[in-house]
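Chains as they are written, first to last, in the numbering used here: chain A, 1 to 342; chain B, 1001 to 1342. Positions of the beta carbon are idealized from the N, C-alpha and C atoms, including for glycine. Please read all numbers here as calculations on a predicted model, not as lab measurements. The next block holds one structure in the form of structure tokens; read it before the comments.
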DNA sequence: TATGCAGATGCAAACGTGTACAATAATCAG
DNA sequence: CTGATTATTGTACACGTTTGCATCTGCATA
């Protein structure tokens, strides 16, 4: 039937344009290839015919004999989380500006899905895969490399040869958080973290606890639930319900911090910063909201992305681990300093 | 130099696998093509060799002579906005489950970028483009169709032949919002909306105002800023600062509603629902947070996506406009009914 | 006029895969 | 054992590009 033919032939090819413009097929290709040699007259004819016929270069086909596909894979879980969403928004924006195309691969759920994601990326001959959550099997990474793909791990610092590992200096931030709480005069200091936390989130906890040990102060640790607002509510409730109620809490995530603040306000009638000092991490949009006004750490998103793009566009990039300082953002969820700096 | 060769030849091809397994190249192709005829012995050999060599079918190449690329474009602006992010998370998840691959195109900024986005989608022979914000030029849409691409417009109901237009029934929701405020006994009713609102958001406003006129009540209209929390803060401040301070506000967006509630609480010491009733729209995650506990409308996300996928996988789908009811979500930002239902 | 040169164009061969068709091997009924 | 049927494999071409090489044109230089 004719339907079969139409569903087969419906694409406009370079040859159609060539025939319409009365030039050879290669001239069409050259017209759309920057730096190729075509006369102005030919180019004009081609462009006009292409416009009329609605022709667009088939990048699937052109990727075949060019070495670059122009596609970059973004692998991430829980992409509706504020910080993750902001990261993806920025990354896709910048990739686009750099002439790349982003393929989004959602890996929420099983950890196994990172593997499937990378296999998919390989299938589409992605130039690079930027992994925002989780980490691949080393052998799988090798398969990526052997197919000419670059690998970026954000927020992972494990030893992973051949890739770029980049993220904030989580330990240093944890340390800074403790100092800030001490300087605010907090006497009973606590930490609220999720039991299902990412590697990088656990690093923040470690940095915080290490600094506490160094300073010789006890820290009340409450670890439970997921990295979510709801977990924050519960963690906050558990902490504030104690007899030795803490007066300073470091939350490993802004979402948790928001939950803790709401628990304090709605369930205990406590206010930040007067009754309770709270510090978060990520600087999500809600941290700026008037109801929270959260003192927190801003992820060095811009610098991370800068480095990402630069590394990915390098010809033969070498393995690299980059730790960038997270900027401490002073707002109003922590008591003004009572203890003077020495 | 050898580097040039390696950067050229580094991809593992079906032919390499064939040679390694001692079979013909087509047998490799058939092994990875569901339903093709290969003997178990051959398939086993091929799979083993493929595993060893790290071979993956090049989908760019296979898309050339199959008619389907498996790629679906997601076109959206401001993808770090809570509702948008949730939508993208769900969509990418479901597309993946349906065996599709999602290409994310960020169109924040100029309206013109929707055009570039679609041109890019055509270049990659995307099977469909799902547009979450903005609308394309009709002539451009035709180019899409002539290249065999399907078009879905979410949250647009303009007449757009050849595409699926789907979204919540915004007018009906506006109407429901007004009734709810009246039933709560509100005397001075207001509407808070952004001056840069989307088409669908304006529909909510129209529905609300139409219902008000029908009921013979005056509505205080405050329209300014962007569709953001900050705009909500300012709109709320402006409204609550008036002599005839409103006691019921419909916000066309949850983000605006959160801003209004915070303005009430932080700047005027007013609480919902006692001093003020507030209704939002979108049912973003923050609406559920204890500090807001916002009564709002849930977008029929699941049904929208169901319909999307079904329509996109239909062979020759016909133009269709679908309006789905938005579910009213009762929480605690609106006074309990003082006026009995009649 | 002959020589060289640069720009424009065409031919043919890739890129890596899927599939119609023909050819071969295996199976089975008689 | 023969012919018919089926399962498997191989050959050749198609998909829509880009690109190396060769050709051709026009033009300035010696």
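For residue i, the three-state DSSP class (helix, strand or coil)
i                      : result
residue 82 (chain A)   : helix
residue 1316 (chain B) : coil
residue 1015 (chain B) : helix
residue 1026 (chain B) : helix
residue 1103 (chain B) : strand
residue 1252 (chain B) : coil
residue 282 (chain A)  : strand
residue 132 (chain A)  : coil
residue 1150 (chain B) : strand
residue 1007 (chain B) : For residue 1007 (chain B), the predicted model reports a pLDDT of 41, less than 50, meaning its position is unreliable; a value from the coordinates is still stated below. Correct three-state label for residue 1007 (chain B): helix.
residue 1109 (chain B) : coil
residue 969 (chain B)  : Residue 969 (chain B) lies beyond the range of chain B shown here (1001 to 1342); nothing can be said about it.
residue 1031 (chain B) : helix
residue 1222 (chain B) : strand
residue 126 (chain A)  : coil
residue 307 (chain A)  : helix
residue 259 (chain A)  : helix
residue 301 (chain A)  : helix
residue 270 (chain A)  : coil
residue 1002 (chain B) : With a pLDDT of 33 at residue 1002 (chain B), under the threshold of 50, the modelled position of this residue cannot be trusted; read the value that follows with caution. In the structure shown, residue 1002 (chain B) sits in a helix (DSSP, three-state: H, G or I).
residue 322 (chain A)  : strand
residue 21 (chain A)   : helix
residue 1342 (chain B) : The pLDDT assigned to residue 1342 (chain B) is 47, lower than 50, so where the model puts this residue is not dependable; a value taken from the coordinates is nonetheless given after this. In this structure, residue 1342 (chain B) counts as coil in the three-state DSSP scheme.
residue 1077 (chain B) : coil
Residue interval of the alpha helix (DSSP H) (run including residue i)
i                      : result
residue 208 (chain A)  : 199-215
residue 277 (chain A)  : Not the alpha helix (DSSP H): residue 277 (chain A) falls in the beta strand (DSSP E), residues 277-279.
residue 1052 (chain B) : 1040-1053
residue 65 (chain A)   : 59-65
residue 235 (chain A)  : 229-240
residue 1172 (chain B) : 1170-1183
Which listed residue (the options) has its alpha carbon closest to that of residue i
i                      : options                        : result
residue 1049 (chain B) : B:1023, B:1093, B:1311         : B:1023
residue 1112 (chain B) : B:1296, B:1126, B:1076, B:1025 : B:1076
residue 318 (chain A)  : A:231, A:220, A:161, A:239     : A:161
residue 321 (chain A)  : A:151, A:89, A:12, A:56        : A:151
residue 1336 (chain B) : B:1184, B:1247, B:1068, B:1163 : B:1184
residue 1206 (chain B) : B:1250, B:1025, B:1236, B:1246 : B:1250
residue 1360 (chain B) : A:85, A:146, A:73              : This structure leaves residue 1360 (chain B) out entirely; chain B is present only between 1001 and 1342.
residue 212 (chain A)  : A:120, A:174, A:15, A:57       : A:174
residue 1136 (chain B) : B:1127, B:1125, B:1119         : B:1119
residue 1079 (chain B) : A:72, A:294, A:89, A:326       : A:89
residue 1071 (chain B) : B:1329, B:1105, B:1040, B:1047 : B:1105
residue 1227 (chain B) : B:1282, B:1141, B:1328         : B:1282
residue 101 (chain A)  : B:1237, B:1165, B:1109, B:1117 : B:1117
residue 244 (chain A)  : A:234, A:220, A:333, A:230     : A:220
Endpoints, beta strand (DSSP E) assigned at residue i
i                      : result
residue 1120 (chain B) : No beta strand (DSSP E) contains residue 1120 (chain B), which is instead part of the alpha helix (DSSP H) from 1113-1123.
residue 296 (chain A)  : 296-298
residue 1332 (chain B) : Taken as a continuous stretch (DSSP letters only), residue 1332 (chain B) belongs to no beta strand (DSSP E), as it is neither H nor E.
residue 1186 (chain B) : No beta strand (DSSP E) contains residue 1186 (chain B), which DSSP labels as neither H nor E.
Any non-hydrogen atom of the ligand MN within 7 Å of residue i CB
i                     : result
residue 215 (chain A) : Annotation note on the ligand MN: not contained in the displayed structure, which lists no ligands.
Problem set entry | Within 8 Å of chain A by C-beta, residues of the stretch 1126-1157 of chain B in sequence order | 1142, 1143, 1146, 1147, 1148
For this session: Note down, in chain order, all residues in the stretch 22-40 of chain A with a beta-carbon under 7 Å from any beta-carbon belonging to chain B.
Result: none
Exercise. Pairing CB atoms from the stretch 123-135 of chain A with CB atoms from the stretch 153-166 of chain A, are three or more of them under 8 Å?
Worked result: yes
Exercise. Does the stretch 1260-1269 of chain B touch the stretch 273-293 of chain A, meaning 3 or more C-beta pairs lie closer than 8 Å?
Worked result: yes
For this session: Kindly confirm or deny that the stretch 1084-1097 of chain B and the stretch 1302-1309 of chain B touch, where touching means at least three C-beta pairs closer than 8 Å.
Result: yes
Exercise. Any contact of the stretch 247-257 of chain A with the stretch 269-278 of chain A, i.e. 3+ C-beta pairs under 8 Å?
Worked result: yes
Problem set entry | Contact list for the stretch 1287-1303 of chain B against chain A, Cβ threshold 7 Å | 1289, 1290, 1291
Exercise. Taking contact to mean at least 3 C-beta pairs separated by less than 8 Å, is the stretch 1034-1051 of chain B in contact with the stretch 166-180 of chain A?
Worked result: no
Exercise. Listed from N- to C-terminal order along the chain, which residues in the stretch 80-93 of chain A have their beta-carbon within a distance smaller than 7 Å of any beta-carbon of chain B?
Worked result: 80, 85, 86, 88, 89, 92, 93
Exercise. Between the stretch 1216-1245 of chain B and chain A, which residues of the former have CB atoms less than 7 Å from a CB of the latter, in chain order?
Worked result: 1229, 1233
Problem set entry | At least 3 beta-carbon pairs within less than 8 Å: the stretch 1237-1252 of chain B vs the stretch 1188-1197 of chain B | yes
Exercise. Along the stretch 1111-1127 of chain B, what residues have a CB closer than 7 Å to any CB found in chain A?
Worked result: 1119, 1120, 1122, 1123, 1124, 1125
Problem set entry | Near-chain B residues of the stretch 40-60 of chain A - C-beta to any C-beta below 7 Å | 54, 56, 57, 58, 59, 60
For this session: Could you name the residues of the stretch 1263-1275 of chain B whose beta carbon sits closer than 9 Å to any beta carbon of chain A, in the order they occur along the chain?
Result: 1263, 1265, 1266, 1267
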